[in-house]
Amino acid sequence: EAGVAQSPRYKIIEKRQSVAFWCNPISGHATLYWYQQILGQGPKLLIQFQNNGVVDDSQLPKDRFSAERLKGVDSTLKIQPAKLEDSAVYLCASSLVPGRKLFFGSGTQLSVL
Amino acid sequence: GNSVTQMEGPVTLSEEAFLTINCTYTATGYPSLFWYVQYPGEGLQLLLKATKADDKGSNKGFEATYRKETTSFHLEKGSVQVSDSAVYFCALSGTQGGSEKLVFGKGTKLTVNP
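Pasting the structure below:
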């Protein structure tokens with residue numbers, strides 16, 4: 054069974070630039086999550102999709118972050134413009150049932166200089 | 002809201018030593034509890050889980066028991082190996098704002114020396 058795919062693996066940008074991350078969940082998983090993991094901290098949920106609808110985006114900084122899940126499969130997370138404090142690993146995860154047994158991708162490590 | 006507090010790291014042990022990583026939680030209702038592990042260079046993966054009070058989750062020699070009376074879910078292993086070196090995250094799944102959410106602790110880095 055293929056896992057959760059994410060790209061790119063690493064990204065280095067300057068502040069005020071924009072960046073986009075891509076995620077392909079496990080086939081059949083209706084729930085997709087984007088987490089932000091700052092060095093030394095646990096993952097923090099940014100947004101949760103159920104199919105192509107947003108279930109929770111309460112911790113997404115909507116002035117600069119946006120996310121979409123086209124056709125309820127792939128998802129993209131965008132940051133525009135980036136700030137230094139956005140440096141983190143961005144994790145995508147998917148699950149069959151919301152909140153239960155999440156499968157995580159390897160993440161995208163973002164460095165904002 | 003729901004939250005998880007786990008033992009600060011890093012933890013450094015010798016091979017075959019006993020491991021305990023403490024985890025306590027705050028939640029309304031009846032959450033499910035999890036331990037996730039992140040090996041160097043890899044994504045998080047589920048290590049074990051417990052869905053109700055007094056359940057014991059176990060996998061790869063690791064165990065954790067869901068203790069409602071002490072709101073705890075401590076991770077234990079009787080004899081650690083070098084290959085257990087990783088970051089361990091305690092997590093809680095519960096309903097908040099009408100949806101099921103997974104909340105993580107800050108993680109505990111374990112290093113096992115030969």
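Here the protein sequences come in this chain order: P and Y.
Heads up: the first sequence begins at 54 in this note's numbering, then just goes up one per residue.
Heads up: the second sequence begins at 2 in this note's numbering, then just goes up one per residue.
Ideal Cβ placement from N, Cα and C applies to all residues, glycine included.
Just so we're clear, the structure is a prediction, and the values are computed from it rather than from any experiment.
What separation, rounded to the nearest whole angstrom, lies between the Cα atoms of residue i and residue j?
i	j	result
Gly81(P)	Gln82(Y)	36 Å
Gly58(Y)	Pro134(P)	43 Å
Val107(P)	Tyr88(P)	14 Å
Ile100(P)	Ala18(Y)	39 Å
Ala141(P)	Ser159(P)	13 Å
Ile22(Y)	Pro11(Y)	11 Å
Val113(Y)	Thr13(Y)	6 Å
Thr72(Y)	Cys91(Y)	13 Å
Ser100(Y)	Pro115(Y)	44 Å
Gln123(P)	Asn105(P)	In the sequence on display, residue 123(P) carries Leu and not Gln. Their Cα atoms are separated by approximately 6 Å.
Trp36(Y)	Thr25(Y)	12 Å
Gly125(P)	Asp109(P)	15 Å
Ser80(Y)	Ile66(P)	43 Å
Ser119(P)	Gln112(P)	12 Å
Pro114(P)	Ser71(P)	14 Å
Ala51(Y)	Gly95(Y)	13 Å
Leu76(Y)	Lys53(Y)	16 Å
Gln94(P)	Thr109(Y)	9 Å
Is the Cβ-Cβ distance between residue i and residue j less than 9 Å?
i	j	result
Asn77(P)	Gln59(P)	yes
Ser15(Y)	Val104(Y)	no
Leu155(P)	Lys68(P)	no
Glu70(Y)	Leu49(Y)	no
Leu149(P)	Ala83(P)	yes
Ala146(P)	Tyr63(P)	no
Thr161(P)	Pro61(P)	yes
Thr29(Y)	Thr6(Y)	no
Tyr89(Y)	Gln46(Y)	no
Leu144(P)	Gln90(P)	yes
Glu9(Y)	Lys107(Y)	yes
Leu93(Y)	Leu34(Y)	yes
Pro32(Y)	Ala87(Y)	no
Trp75(P)	Asp139(P)	no
Below 7 Å on C-beta distance, what does residue i contact in chain Y?
i	result
Arg69(P)	Neighbours of Arg69(P) on chain Y: none; closest Cβ ~29 Å, over 7 Å.
Gly125(P)	Near Gly125(P) there are no residues of chain Y at all, since even the closest Cβ is about 17 Å away, more than 7 Å.
Lys154(P)	Leu47
Gln94(P)	Lys107
Pro151(P)	Ser100, Glu101
For a contact defined as C-beta to C-beta under 9 Å, what are the partners of residue i on chain P?
i	result
Ser84(Y)	Result: empty, since nearest Cβ-Cβ is about 19 Å, beyond 9 Å.
Ser4(Y)	Going along chain P, no residue has its Cβ under 9 Å from Ser4(Y), so there is no contact; the nearest lies around 10 Å.
Ser33(Y)	Gly152, Arg153
Which residues in chain P have a C-beta closer than 8 Å to the C-beta of residue i? List them in chain order.
i	result
Ser73(Y)	In chain order: nothing, as chain P lies at least about 17 Å away.
Glu43(Y)	Ser159
Phe90(Y)	Gly95, Pro96
Going along chain Y in order, which residues have a C-beta closer than 8 Å to the C-beta of residue i?
i	result
Pro144(P)	The sequence given here places Leu at residue 144(P); Pro does not occur at that position. Neighbours of Leu144(P) on chain Y, chain order: Gly44, Leu45.
Gln101(P)	Ser100, Lys102
With a cut-off of 8 Å on the beta carbons, I'd call residue i and residue j a contact; round off their distance for me.
i	j	result
Gly44(Y)	Phe157(P)	4 Å
Val132(P)	Arg117(P)	Correcting the residue identity first, residue 132(P) is Ile in this sequence and not Val. Correct: roughly 6 Å between the Cβ atoms.
Asp56(Y)	Tyr67(Y)	5 Å
Thr129(P)	Ala55(P)	That belief does not hold up - the Cβ atoms of Thr129(P) and Ala55(P) are roughly 19 Å apart, past 8 Å.
Lys102(Y)	Leu92(P)	Incorrect: roughly 23 Å between the Cβ atoms, too far for contact.
In chain Y, which residues lie with their C-beta within 9 Å of the C-beta of residue i?
i	result
Leu98(P)	Lys102, Leu103, Val104, Phe105
Using a cut-off of 7 Å between C-beta atoms, extract the partners of residue i located in chain P.
i	result
Ser59(Y)	By Cβ distance, chain P contributes nothing, its closest Cβ being about 16 Å from Ser59(Y), past 7 Å.
Problem set entry | Residues of the stretch 103-117 of chain P with Cβ closer than 9 Å to any Cβ of chain Y, in chain order | For the stretch 103-117 of chain P, which is checked against every Cβ of chain Y, the residues closer than 9 Å are Gln103, Val108, Asp109, Ser111.
For this session: Could you run through the stretch 95-109 of chain Y and flag, in chain order, every residue whose CB is less than 9 Å away from some CB of chain P?
Result: Contact annotation: in the stretch 95-109 of chain Y, residues whose CB is within less than 9 Å of a CB in chain P are Gly95, Thr96, Gln97, Gly98, Gly99, Ser100, Glu101, Lys102, Leu103, Val104, Phe105, Gly106, Lys107, Gly108.
Exercise. What residues in the stretch 16-27 of chain Y bring their beta carbon closer than 8 Å to a beta carbon of chain P?
Worked result: Cβ contacts with chain P come from no residue of the stretch 16-27 of chain Y.
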